[in-house]
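Below is one structure, written out as structure tokens; comments come after it.
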Amino acid sequence: MNHLPLIIKREYFTKVRNKAFIIMTFLSPLIMIALFSVVAYLSQLNNNKQKNISVLDYTNEIKTVFQDTKTIKYTVLDNLTLEQAKAIVEAQESYGLLYIKDFKPTTGSMPIEAKKNVDVEFYSAETPSLEIITGLENKIEQRLKELNLKSKGVDIATLKNAETNITINQENFTGEKTSKADSLVKLIFGGAAGYLLFMFIIIYGNMIMRSVIEEKTSRIIEVIISSVKPIQLMLGKIIGTTLAGITQFAIWILLGSILMVIASLIFDIDFTQINTPQQDLMTQAMQNPDSNTDAQLFISAFFNMPLANLIIAFILFFISGYLLYSSLYAAIGAAVDNETDTQQFMLPIIMPLILAVYVGGFTVVGDPHGTVATIFSFVPFTSPVVMLMRIPFGVPIWQQILSLLILIGTFIFTIWLASKIYRVGILMYGKKPTYKELLKWIRY
Amino acid sequence: MSILLEAQSVSKTFGDFTALNNVSIAVEKGSIFGLLGPNGAGKTTLIRIINQITMPDTGKVFLDGEPLQRQHIQNIGYLPEERGLYKTMKVGEQALYLAQLKGLDKAEAKKRLLMWFERLEIGDWWNKKIQELSKGMAQKIQFVVTVLHEPKLLIFDEPFSGFDPINADIIKNEILRLREEGATVIFSTHRMESVEELCDHIALINKSNKILDGNLNAIKRQYKTNTFEVGMNTDNIPMLERLLSEKFTTSPADFKTLDNGLKLNIKLSESESANQLLSYLTSKGEVSHFVELIPSASDIFIQAVKNN
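As they're listed, the protein sequences go chains X and G. The numbering used here applies: residue 116 is where the first sequence begins, and numbers increase by one. The numbering used here applies: residue 9 is where the second sequence begins, and numbers increase by one.
In structure tokens:
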């Protein structure tokens, strides 16, 4: 008799109706959005504040480059000694004082060290931010370059006219057009897919483990397995918990997006203003700041991805990868009596997962088809995460199928292994098993 | 009477540990079969094999003449010693789930549950969570769930633990009633007084071997030592005592009487009968007490395990 649907139904409904689960489901997006809003609001506040920087330029050649920006206001001081200037700046509580003492135009082919022919100092109450110092340095360097060129008789206007800006049109051998935005979009999608799987395994794997332990501690397990096969119970638990997890994830995404829209409307917060590493990458990739074409580029980049392949692969790798890990979580749950005893068995599960995320995060970004990324996209315990990150960059179908077959083979093996441990473990009480004992159980 | 359940030379080892060594039992239809033994003897392993939770290494089990198969689970009701319920689930919901796992459809399960809940006067528990109930209350639910699908074979492992005497009595009567209705019961317990009350047949397992098996009365007959507890009133107690101890094997006895007469246990040989003893005694004085000593299940248990 097949009791699987019945078990799945019970697992699903007891999870979904659990008070803690409901609270988590509806509170988490609220908390997340609230946090995001605070961060966005604060970073806006931070950006809006203009900093005062005073400039004392003895050369009289450089000060013209200091134009006020949204974040920095420059005050040029004239006819003052350094000491006087310092006193004024300190009294005004300005951010700092830039002091340019002297400058000599370069001559001939001087070595690089000798080219540092300008004496500049910055005085401030606190250590100035790296961003501001780099900005000032860039400005002065640019100006000095111009002055040097001028002293050699080069016309700056002609030079500026000669400057060009090009974009390389990328196209692969099958004729699809790509752009720099493509790599970025692929990175974001691959990363999101891999990270989602990682999160899903950690959260719901633990939930499965706890639910197995609960059956052991409440001693209902023997009643249940006198009616159903242990493997059916285990699979029912895994599937039921997974469905509850998918429900929770779906609600999170839905609620999250609705709340995001509401929050941005009410508080007038632009969520794209939050500085994230991805955004830095995005601005790096987009040197040409024309926002209209940006959007178009991203949309076309999105459709340039092998979407059908991406979706199918996502579903298959997600399910297989998740089942692989969740069966191990179930086995751990069966082996121990309470949650504190699970620690020793968690490490071998968490390690490959973290490894997968690191490999995905570092090597796939650098070289999606490099040796390391390719190998780890075949190793079963890392392949779901790494392969999902690689696929947007275009992985040959045979590689995907081979990796999936290895993964499915491994997951059938771990389910078998887990069911052996599960079968014996659920009836064992009292002592914390060792790895040696687990091996013995498999042979029973 | 026909045999409902038969285990033939069942053995099971876990690694180096032998849990059952060549154990055979046969349970007659409509009987209450006591499966006895000290802790760790292998009773639970045998019960788990009958429930197909564990597979035997060697040996076969037959239910109603057929080799035990998966679908026989519906014909067996099992109340394990280590038993519990989902703490956060409601009583009714949970009972329905467990009944459905045994193959009952939902409507039928509900009908029977309501009947049982009424019979045990627990009808108003339907929407309570298990964690709100006491241990004894939860045990009642477990009992109902075990018998709900009206199995041919009922297996109770320590069914009375956790019950107060009143509820234990209710459950005992329910077990007897189920037997009247045609169920066969395997009953595993350490409480020997309930074995005396309920069991027709017992098997004793010690250190993974079966050391005793048979009808309870037959076993008692086998274990009785032909000893009689005798109380006599006479003027000269020491003289009568000497006389009796010369003629029979005697030992001091201890039982409650109203007067201070002679109290002795007298063991007869195979050739002597109770009537002979009685007529001899009446010729020597007034017999105030004359009882054959029948070994209790507890005595048999202890003696069998010690001798093993």
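Glycine is no exception: its CB is placed at the ideal position from the N, C-alpha and C atoms. Every value quoted in this text rests on a predicted model; they were computed, and no experiment measured them.
Legend: CB atoms of the region 156 to 188 of chain G lying less than 8 Å from CB atoms of chain X are not found in any residue.
When the Cα atoms are used, I523 (chain X) and H484 (chain X) turn out to be separated by approximately 22 Å. What M97 (chain G) touches in chain X, judged by beta-carbon distance under 9 Å, is R125, T129, going in chain order.
An exposed status is given to A149 (chain X), since fewer than 16 other beta-carbon atoms sit within 10 Å of its beta-carbon.
I40 (chain G) and S32 (chain G) have their alpha carbons spaced roughly 17 Å apart. Taking all protein chains in view, the Cβ of R185 (chain G) is surrounded by fewer than 16 other Cβ atoms within 10 Å, so the residue is classified as exposed. In this model, N223 (chain G) and S196 (chain G) are separated by some 16 Å (Cα to Cα). By the rule that beta-carbons nearer than 8 Å mark a contact, K185 (chain X) does not touch chain G. For Q16 (chain G), there is no enclosing alpha helix (DSSP H); the residue is part of the beta strand (DSSP E) that begins and ends at 11 to 22. The criterion of a C-beta distance shorter than 8 Å is satisfied by E176 (chain X) and L262 (chain X). At least one CB of chain G lies nearer than 8 Å to the CB of L121 (chain X). Looking at the DSSP output, Y189 (chain X) bridges to X:I168. At a cut-off of 8 Å between C-beta atoms, K555 (chain X) counts as an interface residue with respect to chain G.
Looking only at G:N234, G:P246, G:I84, the smallest Cα-Cα distance to E158 (chain G) is reached by G:I84.
Looking from the CA of F460 (chain X), the closest CA among X:I447, X:E454, X:M466 belongs to X:I447.
Membership of E261 (chain X) in any beta strand (DSSP E) is not indicated; the residue belongs instead to the alpha helix (DSSP H) covering 245 to 266.
Look at K218 (chain G) here: in three-state DSSP terms it is strand. One Cα belongs to Y94 (chain G), the other to M200 (chain G), and the distance between them is close to 31 Å.
The C-beta separation of A107 (chain G) from L156 (chain G) comes to about 5 Å, placing the pair in contact by the 8 Å criterion.
Within chain X, no C-beta atom comes less than 7 Å from the C-beta of G50 (chain G); the nearest is roughly 14 Å away. By the Cβ test, the region 166 to 181 of chain X is in contact with the region 200 to 214 of chain X, since at least three Cβ pairs between them sit closer than 8 Å. With a threshold of 8 Å between beta carbons, I210 (chain G) makes no contact with chain X.
Per the Cβ contact rule, the region 260 to 273 of chain G is in contact with the region 288 to 302 of chain G (3 or more Cβ pairs under 8 Å). Separation of the CB atoms of V451 (chain X) and K547 (chain X) is rounded to 7 Å, and the pair is thereby assigned contact status at 8 Å. A direct Cα-Cα distance of roughly 34 Å separates P173 (chain G) from S10 (chain G).
Close CB contacts of F315 (chain X) within its chain, under the 8 Å cut and outside five residues either way in sequence, are with G360, F364, F433, Y437 (chain order).
Here the alpha carbons of Q79 (chain G) and F477 (chain X) stand approximately 54 Å from one another.
Residue contact with chain X for L121 (chain G): absent (no Cβ-Cβ distance below 8 Å to any residue of chain X). Judged by beta-carbon spacing, Q515 (chain X) lies beyond the 8 Å limit of M504 (chain X), meaning their Cβ atoms are not closer than that value. Take I353 (chain X), set aside five residues on each side of it, and the residues of its chain with a beta-carbon closer than 8 Å to its own are I323, L438, S441, S442, A445, in chain order. L302 (chain X) carries a helical assignment under DSSP once its states are collapsed to helix, strand and coil. With a cutoff of 8 Å on beta-carbon distance, I122 (chain X) and G351 (chain X) are scored as near each other. Given a length threshold of 4 residues, each whole run of the alpha helix (DSSP H) inside the region 477 to 504 of chain X is given here in chain order: 486 to 491. A straight-line Cα-Cα distance of about 16 Å links K160 (chain G) and G42 (chain G). Residues of the region 335 to 346 of chain X that bring their beta carbon within less than 9 Å of a beta carbon in chain G comprise I335, I336, E337, V338, I339, I340, S341, S342, V343, K344, P345, in sequence order.
Within chain G, the residues placing a beta-carbon under 7 Å from that of S333 (chain X) are G92, L93, Y94, K95, ordered along the chain.
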